[in-house]
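A.B. asks:
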Amino acid sequence: MSDISPFEGKILQAQLLLREAFLDGWLLCSYKDQNAFLAQLLSPEFRLQTEFPVFLWIPSHGPGVFCLHERDQACHSLPGEVRTYHSWKERAKLLAKLLEQAVRIASEFSFKSFVPEISFLDAGTYTLIKSFGVDLVSSEDLVSELFLTWDQEELNRHLFAASVLEQLCSHLPRKIRESLCSEQLLDELSLKNYILAVLESSDCFTEIPPKVLVNERSARPWALTIESNAISWGDYVLVDLACRKNEEGAPYATLSRCFFLGDSPDAFLYDTFFLARRAQQAALHFMEERRRDAHSFLGWEVDRIARDFIHLAGLESSFRCPLGHSLGKHSYRVGPSLDDLYVHDTRMIVPRTCFCLGPFLSVEGRFGIDVKTSVYFSSDGTFFLTTGEQAELYTFTESREARIPMQSSKIVSY
């Protein structure tokens, strides 16, 4: 039996998913190369540069078929069967012929534009396909299964980065304590530079600069500033980190840690930290219960569990960002998000993917609490906290070190 190409392998995988979902096929549409998923299906190196609309029809059975303008066809050598059109009328007839046996198909759009980032199908093509008597559903979960699931090597690279981050954070209190006790200058920038040096020496890389935020600055981590606040005893410090192993295609790991440089943190700071922790545990428990009952769950549902929990505590105004987002190979934010705020994320969280889990609570003018950790969702339905979890607000003084246990999952199943 001859080897199949990566493209053919993706087609076969997509067809298995189509049959499991009782769909007759998947129509990928792209104009001016806007559909990133069509490019990914071909290969990361392939550059599909077309002047006219191009389509890839993947039936649940049988070979995939490309449909593109004859002028574009002359510029590309595409795998599989290729059919061309010259005029808009020929294009419509060609699509009608491809879909004549189809009743229900998938394509790249988001119902009510809940998730705009996956919506590549324009309204005109949508109405054209509907005129053929074909029903359309979103391809969002097909995309997650095909492009966002990890293999064992990717998981290993993520675990490497996760271990580096967790060890780095466990050593930060000692670094801060030694600097302050020796009266060395310590500010947000110098601690960031220390973190970057450790990441580089640990064979890791990041495109997301580390955040070291003191006191009220931690309430607005997204704010741009050129100032670097000094770090002193009695301060609250929030550290937010992300990195990946310094290898092509390695996925990210991320975490956040909260520190108080003293014995007696403010009671409201303390209570807000534990509210965030309980909201995080409620979201994790929800996902575990759904998997235990053999049910799937959507990104917005997980966010809503934590959001309602915080609402009951009367601090809903402090929860002003999504609960989490997926961790990817080439980008910090790809795939389904745990989000019912910025978007109503209707995408399913699928096994063999990884995401970060907050929440981040911001009390304007005072502090921000972030309990973010990385969570890997294994093929057997288990959730592994790969960068551990912060079970308590870490405090330390001139005479007392902070004890930070390594709480990540020691054994992670693929």
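Residue 1 is where the sequence shown starts when you use the UniProt record's numbering, and the numbers rise one by one after that. We put the beta carbon where it would ideally sit given N, CA and C, even for glycine. In this text, all values refer to a predicted model and were calculated from it rather than measured experimentally.
Fully enclosed by the region 299-327, which alpha helix (DSSP H) runs are 4 residues long or longer?
C.D. replies: Counting whole runs of 4 or more residues, the region 299-327 contains the alpha helix (DSSP H) stretches 299-312.
A.B. asks: Could you tell me the distance, in whole angstroms, from the CA atom of Tyr-376 to the CA atom of Phe-384?
C.D. replies: Answer to the nearest angstrom: the Cα atoms are 5 angstroms apart.
A.B. asks: Kindly identify the DSSP beta-bridge partner or partners of Arg-257.
C.D. replies: The partner list for Arg-257 (beta bridge, DSSP) reads Val-239.
A.B. asks: Would a C-beta distance cut-off of 7 angstroms place Ser-318 and Ser-362 closer than the cut-off?
C.D. replies: Contact: yes.
A.B. asks: First and last residue of the beta strand (DSSP E) that includes Ile-58?
C.D. replies: Start and end: 54-59.
A.B. asks: Please check the pair Ser-134 and Ala-102, which I expect to be a contact at CB under 8 angstroms, by giving their CB distance rounded to whole angstroms.
C.D. replies: The sequence shown places Val at residue 134, not Ser. The Cβ separation is near 5 angstroms, so the contact holds.
A.B. asks: Please check the pair Ile-305 and Ala-276, which I expect to be a contact at CB under 8 angstroms, by giving their CB distance rounded to whole angstroms.
C.D. replies: Going by Cβ atoms, the distance from Ile-305 to Ala-276 rounds to 14 angstroms, so no, they are not a contact pair.
A.B. asks: For Ser-256, count neighbouring C-beta atoms within 10 Å of its own C-beta (all shown protein chains included) and say buried if the count is 16 or more, exposed if not.
C.D. replies: Classification of Ser-256: buried, given that the 10 Å Cβ count is 16 or more.
A.B. asks: For Ser-129 versus Asp-24, is the C-beta spacing smaller than 7 angstroms?
C.D. replies: One point to set straight first is that residue 129 is Ile, not Ser, in the sequence displayed. The answer is no: Cβ separation not under 7 angstroms.
A.B. asks: Our contact map puts Asp-240 next to Val-214 with C-beta atoms below 8 angstroms; I'd like the distance itself, whole angstroms only.
C.D. replies: That pair is no contact at about 13 angstroms.
A.B. asks: Go ahead and pull the three-state DSSP assignment for Ala-391.
C.D. replies: Ala-391: coil per DSSP, three-state reduction.
A.B. asks: Tell me, to the nearest whole angstrom, how far the beta carbon of Leu-323 is from that of Cys-354; I am working on the premise that it is less than 8 angstroms.
C.D. replies: 15 angstroms between Cβ atoms; not a contact.
A.B. asks: Over the uninterrupted alpha helix (DSSP H) stretch that includes Tyr-194, give me the two end residues.
C.D. replies: First-last of the alpha helix (DSSP H) with Tyr-194: 188-201.
A.B. asks: For Asp-151 and Asp-345, I'd like the C-alpha separation in whole angstroms.
C.D. replies: Approximately 25 angstroms between the Cα atoms of the pair.
A.B. asks: Can you find the residues in the same chain that come closer than 7 angstroms, C-beta to C-beta, to Tyr-194, ignoring five residues on each side of it along the sequence?
C.D. replies: Only Lys-175 meet the Cβ criterion.
A.B. asks: Would you mind working out which of Glu-183, Gly-124, Ser-138, Pro-336 sits nearest Tyr-31, comparing C-alpha positions?
C.D. replies: The shortest C-alpha separation from Tyr-31 is found at Gly-124.
A.B. asks: Using only the alpha-carbon positions, how far apart do Glu-301 and Val-115 sit?
C.D. replies: Those two C-alpha atoms are separated by around 14 angstroms.
A.B. asks: CB-CB under 6 angstroms to Phe-66, same chain, minus the five flanking residues each way: which ones, in chain order?
C.D. replies: Leu-56, Leu-78, Val-82.
A.B. asks: By Cβ distance, which residues of its chain are closer than 7 angstroms to Glu-154, with the 5 residues on each side in sequence left out?
C.D. replies: Excluding residues within five positions, the ones whose Cβ falls inside 7 angstroms are Pro-251, Lys-329.
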